[in-house]
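Using the numbering used here, the first residue of the sequence shown is number 124, and each one after it goes up by one. Even for Gly, the Cβ is constructed at its ideal location relative to N, Cα and C. Since we're looking at a predicted model, the values are computed, not measured.
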Amino acid sequence: MHWPSEHVEEVGTLAPAAPKVRRVSGGPSKVTYGLLGVVAVLIVVVGVLLLGGDLFNQTPQNDLERDHRMLVEALRDNPDNPGVLMTLAEVEYEMGRKRDAMDRAARASEVASATPGINVRYAQLLMLEERFEEAEAAANKEIEIAGTRSGHPYFILAQVLRAQGRLDEAIAQVEIAIRIDYYAADMKILYGDMLVEADRKDEAIDQYNEALRYLPDDPRIVKALESLGVTVAPSDGSNPHAPVGPSEEMTVPVDELIDGLFENQQP
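Here's what the structure looks like:
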């Protein structure tokens, strides 16, 4: 078995020189036998761990592994919690364990019932896998549950429809999304892109300029406008509006997220 050099160095520090045992007249003392026993046990334990390959696998190597371990532990006590299932699916997908991820995501959707926010995340994973018909069904299921409380499901549905070449339907959905979440700049960027495809360039320019108000100097917007012959002057760096919308990443630590998932289940 090959060990990374840093691990080999660590092995040398795990077993310091055995303590010198003080000899007592009349034969070895009970203390002597006790210390020898402890050393023997330590040697056996370290040997077993080395042979089993588990000595250095007990500590997660990165944040993803740490999050994965915490979520797996949470799932043992709550096997049908859709929030834990879906978050674990997303972590596993990022780890490259796509089959496990999609199985868990499907299970999360199955047990979600009327829980909002689960099926739209399932739709996003399905879209990454180019399973567009299933993604469309998941997005529509989310819309049935959430209604117009959020524009995000419509935003995802618009992308799914666009990927299938159904541009007019996609534009209709992103327009709904923007009516719900007017300040979501990423929705306006997507809307502008679709309008360009539909040869509605003047309307696209309006959407890009509107998005630029919330995301000054965003390279996607600048490039899109310049491709339409619009020169974009650099901003002064200020952003009068905090960008909001589906592009924002979740920054809540997984341990806090898990606590939040269970706080409403306490007796």
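Legend entry - residue 188 versus residue 203: straight-line alpha-carbon distance, rounded: 22 Å
Inset, instruction - Could you give the DSSP three-state label for residue 300: helix, strand or coil? - result: helix
Inset, instruction - On a CA-only basis, which of 237, 260, 357 and 247 is nearest residue 275? Give me that one, please. - result: 247
Legend entry - 8 Å Cβ cutoff met for residue 313 and residue 286: no
Legend entry - Contact check, residue 279 vs residue 262, beta carbons under 8 Å: yes
Inset, instruction - Go ahead and label residue 197 buried or exposed: buried means 16 or more other beta carbons lie within 10 angstroms of its beta carbon, across all protein chains shown. - result: buried
Legend entry - Pairwise C-alpha distance: residue 227 and residue 213: 9 Å
Legend entry - Presumed contact (8 Å Cβ cut-off) between residue 191 and residue 218, rounded CB distance: 7 Å
Inset, instruction - Can you give me the Cβ contacts of residue 330 inside the same chain, cut-off strictly under 6 Å, excluding the 5 residues immediately before and after it? - result: 311, 314 and 315
Inset, instruction - Measure the C-alpha to C-alpha separation of residue 303 and residue 258 and round it to an integer number of angstroms. - result: 21 Å
Legend entry - Residue(s) in a DSSP beta bridge with residue 356: DSSP lists no partner for residue 356.
Inset, instruction - Kindly indicate which residue of 220, 272 and 264 has the alpha-carbon position closest to the one of residue 252. - result: 220
Legend entry - Contact under 8 Å by Cβ, residue 230 with residue 208: yes
Legend entry - Outcome for residue 195 when other beta-carbon atoms lying within 10 angstroms are tallied against a minimum of 16: exposed
Inset, instruction - Excluding the 5 residues preceding and the 5 following residue 164 in the sequence, name in chain order all residues of the same chain whose CB lies nearer than 8 Å to its CB. - result: No answer about residue 164 holds up, because its pLDDT of 43 lies below 50 and its placement is not dependable.
Inset, instruction - Return the CA-CA distance between residue 264 and residue 210, expressed in angstroms with no decimal places. - result: 19 Å
Inset, instruction - State yes or no: is the C-beta of residue 215 within less than 8 Å of the C-beta of residue 223? - result: yes
Legend entry - Cβ-based burial, residue 186 [other Cβ within 10 Å; buried from 16]: exposed
Legend entry - Contact set for residue 341: own chain, Cβ-Cβ below 6 Å, skip 5 residues either direction: none
Inset, instruction - Specify the secondary structure class of residue 321 as computed by DSSP and reduced to three states. - result: coil
Inset, instruction - Using alpha carbons as the reference points, say which of 193, 306, 201 and 235 lies closest to residue 269. - result: 235
Inset, instruction - Return yes when the Cβ of residue 317 is within less than 8 Å of the Cβ of residue 290, no when it is not. - result: yes
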